[in-house]
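Notes follow the structure.
There are 2 protein chains.
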Amino acid sequence: MTLHELAKELNLSIATISRALSRPEDVAPPTRQRVLAAVHRHGYTPHGTSRALRTQQTRTIGVIVSDIRNFFFANLVKAIEDEAKANGYALLICNADEDSAKEETALQLLLDRKVAAVINCSTGANPDLLRAFQKSGAILVDLDRESGLTNIDTVVLDNKKGAELATQHLIDLGHRDIATIAGPQHLSNARGRLAGFSEALSGRGIPVKNRYIQFGTFLQQSGFACAEKLFALRRPPTALFVANAEMAAGVIVFLRERGIAIPRDISIVSFDDSFWARYMDPPLTVVAQPMEKMGKSTMEAVLARLRGSKPVQRLVFTPELIVRRSTDSLQR
Amino acid sequence: MTLHELAKELNLSIATISRALSRPEDVAPPTRQRVLAAVHRHGYTPHGTSRALRTQQTRTIGVIVSDIRNFFFANLVKAIEDEAKANGYALLICNADEDSAKEETALQLLLDRKVAAVINCSTGANPDLLRAFQKSGAILVDLDRESGLTNIDTVVLDNKKGAELATQHLIDLGHRDIATIAGPQHLSNARGRLAGFSEALSGRGIPVKNRYIQFGTFLQQSGFACAEKLFALRRPPTALFVANAEMAAGVIVFLRERGIAIPRDISIVSFDDSFWARYMDPPLTVVAQPMEKMGKSTMEAVLARLRGSKPVQRLVFTPELIVRRSTDSLQR
Chain R
1 MTLHELAKEL NLSIATISRA LSRPEDVAPP TRQRVLAAVH RHGYTPHGTS RALRTQQTRT
61 IGVIVSDIRN FFFANLVKAI EDEAKANGYA LLICNADEDS AKEETALQLL LDRKVAAVIN
121 CSTGANPDLL RAFQKSGAIL VDLDRESGLT NIDTVVLDNK KGAELATQHL IDLGHRDIAT
181 IAGPQHLSNA RGRLAGFSEA LSGRGIPVKN RYIQFGTFLQ QSGFACAEKL FALRRPPTAL
241 FVANAEMAAG VIVFLRERGI AIPRDISIVS FDDSFWARYM DPPLTVVAQP MEKMGKSTME
301 AVLARLRGSK PVQRLVFTPE LIVRRSTDSL QR
Chain G
1 MTLHELAKEL NLSIATISRA LSRPEDVAPP TRQRVLAAVH RHGYTPHGTS RALRTQQTRT
61 IGVIVSDIRN FFFANLVKAI EDEAKANGYA LLICNADEDS AKEETALQLL LDRKVAAVIN
121 CSTGANPDLL RAFQKSGAIL VDLDRESGLT NIDTVVLDNK KGAELATQHL IDLGHRDIAT
181 IAGPQHLSNA RGRLAGFSEA LSGRGIPVKN RYIQFGTFLQ QSGFACAEKL FALRRPPTAL
241 FVANAEMAAG VIVFLRERGI AIPRDISIVS FDDSFWARYM DPPLTVVAQP MEKMGKSTME
301 AVLARLRGSK PVQRLVFTPE LIVRRSTDSL QR
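Line order of the protein sequences matches chains R and G. When we follow the numbering used here, the leftmost residue of the first sequence carries the number 1, and every step to the right adds one. When we follow the numbering used here, the leftmost residue of the second sequence carries the number 1, and every step to the right adds one.
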């Protein structure tokens, strides 16, 4: 497709299209959106080269994470970058801060730059937008969370299994008053972890009590607030499964302030083997994700797709329970 | 400059130049290097547009960090990205792993993608290469470490001051047998921290003993190894200043294995207020860097330069000592 044909299709002047691409701030947003959408739809490049060639020209992969300061995403990105670099690709990184508007901005920004593919740790809030991009021919891969799209390469952990391992460990130690601090339920990983917790209890004939299920935001402050609620109960739990490391940090701050000892007063298992989990006193029992393997496999899935591989891949990784000293037998 | 003129200058066919740009893996590396260098030198684009226009087209900034998994770099990148996004720029991230060859690869990869600027946390090992890129018109900004180039925008901490604060704090607590685990001395920040340590001691009339200065790599294992050497001395130190958080983690593992208590047996101050420093038991006394401000200012310096601002900026940020419970008065 030539610039002329594009101008004709959009009923715009060549100058306007040129400006929308080179000085987007000088063009009214609706016009700009139309041009960018069309450019992406047609895989248009100044030389009118094929989509494959265009892809090779950028050799750039977009990655949308929640927050690069979270060690989990930093580890994924490092592994993706190692594999990308080895194949001549560079990474464009965006933080979505668990905010659907920011995810949308990030997607737009990545596609404006004609990335060869987008790896998305989705907020789960923009399925229509993602579907539109996918239809336009963009390569999308879901990582860590599922966007809800069908026909999309997906790299995730078996989150349900991880929560089961954690909860069964607490049951095996004699605990029955077991609580969880769950993540936000619009995220597929948070849903999987809550399901694993509930099913592990039910499977061993232990009733699942609503007051022992608190919902956090995956952020530290919410861990503090949820722990406060659990310890305000007439009968506080003797064991706790926390659905991510940031919330576990908040729980620990709360317990220290109150002088509640781990594991004497409460046993704690957290999701994610953060850098600091082993340096805590006591070191934390955790459910570890194979972050390096997940990152590498994600980039491999992108490369396979760029090479034209057709079948959709769904890779589910297995978590591992690492028992340290924050969990102990129920003290009667 | 047209493709024809470029071909003539390099004495290559247009097809070869085209291939070097679109399918670099099909072109012999020396030829490819020549083409890329020339393309960058001339600011060549397919339309022969001006350099300014080309810069606006990419609206992409390259960032080379040591390792994105290190919370310090993750925090810098998050702050840079927030400011970049607000101005319509996206970030290409490369990890150099403190390896000069990887830094070179990263620079090449960023410049191949015609980034508008490169923010470099330099290994300090490629001054000639950086100088060549700077001469070709590339915008470079030094962050955290100084590359050794003159006439380059620079955003750093007053590392000497930070080490002085840490060391004076230990002296004020009555310590005289004070050791340091320094970083690799080819890095400007590591040099500044060692200078601050030595001068703080000298300034108070305390002799600087060579056996109390151990050199690590800024990586965790080296912290362990250096602590081992210090505690093998006939008279081990009673206080220790560790030049970064990763090495401090290694020190803590060593002390725990040996049953050496903090702060009873040894007081510890570490550079960098890592996420986990406050969750340790005891919480660590640290020298904190204003990471968010530093990241934001770096991107602002890039934007000023892109707008054509001429004077070279050198921004030096002031560290802060945060006293927690890993440091205590000398027990006699």
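Glycine is no exception: its CB is placed at the ideal position from the N, C-alpha and C atoms.
Self-check item: Unbroken alpha helix (DSSP H) run spanning Thr167/R, endpoints
Solution: One-based indexing of the first sequence puts residue 167/R at position 167. It spans 159-172 - the alpha helix (DSSP H) in which Thr167/R sits, taken as one unbroken run.
Quiz item: Leaving out five residues before and five after Leu149/R in sequence, what residues of the same chain have Cβ atoms less than 8 Å from its Cβ?
Solution: For the purposes of this step, residue 149/R is taken as residue 149 along the first sequence, with counting starting at 1. Pro127, Leu130, Arg131, Gln134, Leu140, Asp142, listed in sequence order.
Quiz item: Taking DSSP as the reference, what is the three-state secondary structure of Ala132/R?
Solution: For the purposes of this step, residue 132/R is identified with residue 132 of the first sequence, where counting begins at 1. Helix.
Quiz item: With which residues is Gly295/G paired in a DSSP beta bridge?
Solution: Taking the first residue of the second sequence as 1, we reach residue 295/G at position 295. DSSP lists no partner for Gly295/G.
Quiz item: Can you name the start and end residues of the beta strand (DSSP E) that Leu241/G belongs to?
Solution: For the purposes of this step, residue 241/G is identified with residue 241 of the second sequence, where counting begins at 1. Reading off the sequence, residue 241/G comes out as Phe, not Leu. Counting along the chain, the beta strand (DSSP E) containing Phe241/G begins and ends at 239-242.
Quiz prompt | Limits of the beta strand (DSSP E) - the one that Ile268/R falls within | solution = As a first step, residue 268/R must be located in the first sequence, where it is residue number 268. Looking at the DSSP string, the run of the beta strand (DSSP E) that includes Ile268/R is 267-271.
Quiz item: In terms of alpha-carbon separation, which member of Leu157/R, Lys78/R, Leu255/R lies closest to Ala232/R?
Solution: Counting from one through the first sequence, the residue named residue 232/R turns up at place 232. Checking every option, the nearest Cα to that of Ala232/R belongs to Leu255/R.
Quiz item: Cβ of Glu81/R within 9 Å of Cβ of Cys94/G?
Solution: Residue numbering aside, residue 81/R sits at position 81 when the first sequence is read from its first letter. Residue numbering aside, residue 94/G sits at position 94 when the second sequence is read from its first letter. The answer is yes: Cβ separation under 9 Å.
Practice problem: Give, in chain order, every unbroken run of the beta strand (DSSP E) that is at least 3 residues long and sits entirely within the region 281-325 of chain G. | Solution: 285-288, 314-317, 320-322
Quiz item: Taking Cβ positions, are Arg305/G and Asp177/G nearer each other than 9 Å?
Solution: Numbered from its first residue, the second sequence carries residue 305/G at position 305. Numbered from its first residue, the second sequence carries residue 177/G at position 177. Taking 9 Å as the Cβ cut-off, Arg305/G and Asp177/G do not qualify as a contacting pair.
Exercise. Could you check the C-alpha separation between Ala200/G and Leu330/G for me, to the nearest Å?
Key: The residue labelled residue 200/G in the question sits at position 200 within the second sequence. The residue labelled residue 330/G in the question sits at position 330 within the second sequence. Near 18 Å, if we compare the C-alpha coordinates of Leu330/G and Ala200/G.
Quiz item: So is Phe275/R in contact with chain G if we call contact Cβ pairs under 9 Å?
Solution: For the purposes of this step, residue 275/R is identified with residue 275 of the first sequence, where counting begins at 1. By this cut-off, Phe275/R is an interface position.
Quiz item: In the structure shown, what three-state DSSP assignment does Ala225/G receive?
Solution: As a first step, residue 225/G must be located in the second sequence, where it is residue number 225. Helix at Ala225/G.
Quiz item: Hey, out of Ala125/G, Leu92/G, Lys229/G, whose CA is closest to Ser100/G's CA?
Solution: In the second sequence, residue 100/G corresponds to position 100, counting from 1. It is Ala125/G whose Cα lies nearest to the Cα of Ser100/G.
Self-check item: Simplified DSSP state of Phe218/G, which is helix, strand or coil
Solution: Here residue 218/G refers to the residue found at position 218 of the second sequence. Coil at Phe218/G, not helix or strand.
Practice problem: With 7 Å as the limit, tell me which residues of the region 250-262 of chain G have their beta carbon closer than that to any beta carbon of chain R; keep them in chain order. | Solution: Ile252
Exercise. Could you run through the region 308-328 of chain R and flag, in chain order, every residue whose CB is less than 9 Å away from some CB of chain G?
Key: none
Exercise. Indicate the three-state DSSP secondary structure (helix, strand or coil) for Ala138/R in the structure shown.
Key: Locating residue 138/R in the first sequence gives position 138, where the first residue counts as 1. The answer is coil: DSSP assigns Ala138/R none of H, G, I, E or B.
Quiz item: In chain R, which residues lie less than 9 Å from Gln94/G when you measure between Cβ atoms?
Solution: Along the second sequence, read from residue 1 onward, the residue named residue 94/G stands at position 94. According to the sequence shown, residue 94/G is Cys rather than Gln. Near Cys94/G (Cβ distances below 9 Å), the residues of chain R are Glu81, Lys85, Ala90, Leu91.
Exercise. Measure the Cβ-Cβ separation of Ala166/G and Gly196/G and say whether it is below 9 Å.
Key: Taking the second sequence and counting its residues from 1, the one referred to as residue 166/G is at position 166. Taking the second sequence and counting its residues from 1, the one referred to as residue 196/G is at position 196. Going by C-beta atoms, Ala166/G is nearer than 9 Å to Gly196/G.
Quiz item: chain G partners of Lys78/R, CB-CB under 8 Å?
Solution: Indexing the first sequence from 1 puts residue 78/R at position 78. In chain order: Asp67, Ile68, Arg69, Asn95.
Quiz item: Within 10 angstroms of its Cβ, does Arg341/G collect 16 or more other Cβ (buried), or is it exposed?
Solution: The displayed coordinates of chain G run from 1 to 332. Any statement about residue 341/G would go beyond what the structure contains.
Quiz item: Run through DSSP, which three-state label would Thr16/R get?
Solution: Stepping through the first sequence from its first residue, residue 16/R is reached at position 16. Of the three classes helix, strand and coil, the one that applies to Thr16/R here is helix, per DSSP.
Practice problem: Going by DSSP, name the residue or residues bridged to Thr154/G. | Solution: In the second sequence, residue 154/G corresponds to position 154, counting from 1. Paired residue(s): Asp142/G, Arg314/G.
Exercise. Name the residue from Ala90/G, Asp67/G, Ser136/G, Glu83/G whose alpha carbon lies nearest to the alpha carbon of Lys102/G.
Key: Counted from its first residue, the second sequence places residue 102/G at position 102. Selected option, being the one with the closest Cα: Asp67/G.
Quiz prompt | Rounded distance between the beta-carbons of Thr60/G and Glu98/G, thought under 8 Å | solution = What you label residue 98/G is simply residue 98 of the second sequence in a count that begins at 1. What you label residue 60/G is simply residue 60 of the second sequence in a count that begins at 1. Not quite, the Cβ-Cβ distance comes to about 24 Å (not below 8 Å), so this is no contact.
Self-check item: Beta-carbon proximity list for Asn75/R, same chain, < 8 Å, skipping 5 on both sides
Solution: Looking up residue 75/R in the first sequence gives position 75. The answer, listed in chain order, is Met291, Glu292, Gly295.
Practice problem: Measure the C-alpha to C-alpha separation of Phe317/R and Thr285/R and round it to an integer number of angstroms. | Solution: Position 317 of the first sequence, counted from the start, is the residue given in the question as residue 317/R. Position 285 of the first sequence, counted from the start, is the residue given in the question as residue 285/R. Between Phe317/R and Thr285/R, the C-alpha separation is close to 20 Å.
Quiz prompt | Residue-chain proximity (Arg305/G, chain R), Cβ-Cβ < 9 Å | solution = Here residue 305/G is taken as the residue at index 305 of the second sequence, counted from 1. Taking Cβ atoms only, chain R never reaches closer than 9 Å to Arg305/G, which makes this a no.
Quiz item: Which one or two residues does DSSP pair with Gly62/G in a beta bridge?
Solution: Position 62 of the second sequence, counting from 1, holds the residue named residue 62/G. Answer is Leu92/G, Val118/G, bridged to Gly62/G.
Practice problem: Could you have a look at Ile213/G and say whether DSSP puts it in helix, strand or coil? | Solution: Counted from its first residue, the second sequence places residue 213/G at position 213. In this structure, Ile213/G counts as strand in the three-state DSSP scheme.
Practice problem: May I have the straight-line CA-CA distance separating His175/R from Ala239/R, to the nearest angstrom? | Solution: In the first sequence, the residue the question calls residue 175/R occupies position 175. In the first sequence, the residue the question calls residue 239/R occupies position 239. Those two C-alpha atoms are separated by around 6 Å.
Quiz item: Under a Cβ-count criterion, where at least 16 other Cβ atoms within 10 Å of its own Cβ denotes burial, should Pro311/G be classed as buried or exposed?
Solution: Here residue 311/G is taken as the residue at index 311 of the second sequence, counted from 1. By the neighbour-count rule (16 or more Cβ atoms within 10 Å), Pro311/G is not buried but exposed.
Quiz prompt | Under 7 Å from the C-beta of Arg113/R: neighbouring residues of chain G | solution = Along the first sequence, one-based indexing puts residue 113/R at 113. Residues of chain G passing the Cβ test: Thr60, Ala90.
Quiz item: Exposed or buried, Pro207/G, counting other C-beta atoms within 10 Å across all chains shown (16 or more means buried)?
Solution: Taking the first residue of the second sequence as position 1, residue 207/G is located at position 207. It is exposed - the Cβ of Pro207/G has fewer than 16 other Cβ atoms within 10 Å.
Practice problem: May I ask which residues mark the beginning and end of the beta strand (DSSP E) holding Ala182/R? | Solution: Taking the first sequence and counting its residues from 1, the one referred to as residue 182/R is at position 182. Note, Ala182/R: beta strand (DSSP E), 178-182.
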